[in-house]
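Visitor: In full-length UniProt numbering, the protein residues as written are 1 to 56. Here it is, the structure, as structure tokens.
Set out below in structure tokens:
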């Protein structure tokens, strides 16, 4: 493999890595929102004062 081939593959790979990173960020954001909503729903079902609980 020549330096030119390596450069070509690097150029082709970069957009794929950027797209994968963006998808991972979207997934993590949705997952965090889901967990927050789930936590709030469970706290409401159990009548827990979620905002008042401080864990150190």
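Backbone N, C-alpha and C define an ideal beta-carbon position, used for all residues, glycine too.
Output the distance between the C-alpha atoms of residue 9 and residue 22, rounded to the nearest integer angstrom.
Guide: If I take the Cα positions, the gap works out to 20 Å.
Visitor: Using only the alpha-carbon positions, how far apart do residue 17 and residue 49 sit?
Guide: Looking at the two C-alpha atoms, the distance is approximately 42 Å.
Visitor: I need the DSSP call for residue 49, collapsed to helix, strand or coil.
Guide: In the structure shown, residue 49 sits in coil (DSSP, three-state: anything other than H, G, I, E or B).
Visitor: Which value, in whole angstroms, describes the spacing of the CA atoms of residue 26 and residue 20?
Guide: Rounded to the nearest angstrom, the two C-alpha atoms are 10 Å apart.
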